[in-house]
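Protein chains in written order, with the working numbering: chain A, 1 to 128; chain B, 1 to 128. To start, the structure itself, in structure tokens.
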DNA sequence: CTACCTGCAAAAGGTTTGCATAGCC
DNA sequence: GGCTATGCAAACCTTTTGCAGGTAG
């Protein structure tokens, strides 16, 4: 991967954020200081960074893809009320993986899990 | 839900198939005998049928949504070589659910899991 | 009769791509 | 110098929507 200023900017943007950013959010953020940046470039670089394992691409049904600086095995919880996304960890992961591999006779390379429901904050609002 | 011929056709199409069908596949199939059918109608009815729990909407990242007659809790394995999708079952589901609910202090209403890897057939091809 | 449904076509939204130019090594 | 990356805009693909007319109950 040849160096490019744009890719560096994009990677930094993700690393500095405490959220999961969409391509569009990254574009909007960087566009302020770099008006020539193009959305196509953002997409191309995000794909490359994800391919090289430097960031994680997160696909949640019904939402635009977003990107995560945390590349460890983890999954996401989407609140169906407020739309917030929270990281979650699944202890049983290796068991699940080997069970499914045996059951279906396949080799698993990756697992995506999306939980949907009501988050802490929205739970409290409903009680009130 | 008011009866409609189109909705009946669409539901039958899914029930008679042994695959996961996309809106477009259903449209193409039915279009042969019903040239006036419109793709918008297919989408509207699929959404309704899924809302009423009569079919299951399956979202696999990078693929168009497809629909499943099997509405039981089950998940999907996508072969990254041939693109085939296989149903899989996860025994540890209730454990995972309660662990994550405690860990993140949320109420989980649904879980989507997509496994990606290499299927039986493609595994064999690689050995040869 | 009225509410819901349809077909058609246009629009929306996110993402990819072709092309000519610019930049890294 | 050559190969890769960029900006721009157009294209793409899936899905949704507005509208005027049709159909079930």
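For each residue, glycine too, the CB sits at the ideal point set by N, CA and C. This structure is a prediction, so every number in the text was calculated from the model and none was measured.
{"Query": "Within chain B, the residues that residue 114 of chain A reaches when beta carbons sit closer than 7 Å", "Result": "112"}
{"Query": "Cβ-based neighbour list, residue 52 of chain B, same chain, cut-off 8 Å, excluding 5 preceding and 5 following", "Result": "1"}
{"Query": "Identity of the residues DSSP links to residue 85 of chain B by a beta bridge", "Result": "B/78"}
{"Query": "Closer than 7 Å at the beta carbon, the chain B residues around residue 94 of chain A", "Result": "Chain B residues near residue 94 of chain A: none, gap ~11 Å exceeds 7 Å."}
{"Query": "Any 3 or more C-beta pairs closer than 8 Å across the region 38–45 of chain A and the region 94–113 of chain A", "Result": "no"}
{"Query": "Opposing strand residues paired with residue 40 of chain B [DSSP bridges]", "Result": "Its beta-bridge partners do not exist; DSSP assigns none."}
{"Query": "Under 8 Å between C-beta atoms of residue 120 of chain A and residue 106 of chain B", "Result": "yes"}
{"Query": "Contact list for residue 99 of chain B against chain A, beta-carbon separation under 7 Å", "Result": "91"}
{"Query": "Endpoints, alpha helix (DSSP H) assigned at residue 24 of chain B", "Result": "23–31"}
{"Query": "Opening and closing residue of the alpha helix (DSSP H) in which residue 95 of chain B lies", "Result": "93–104"}
{"Query": "Distance, residue 15 of chain B Cα to residue 71 of chain B Cα", "Result": "11 Å"}
{"Query": "Burial state of residue 89 of chain A (16 or more Cβ within 10 Å)", "Result": "exposed"}
{"Query": "Contact check, residue 93 of chain A vs residue 54 of chain A, beta carbons under 8 Å", "Result": "no"}
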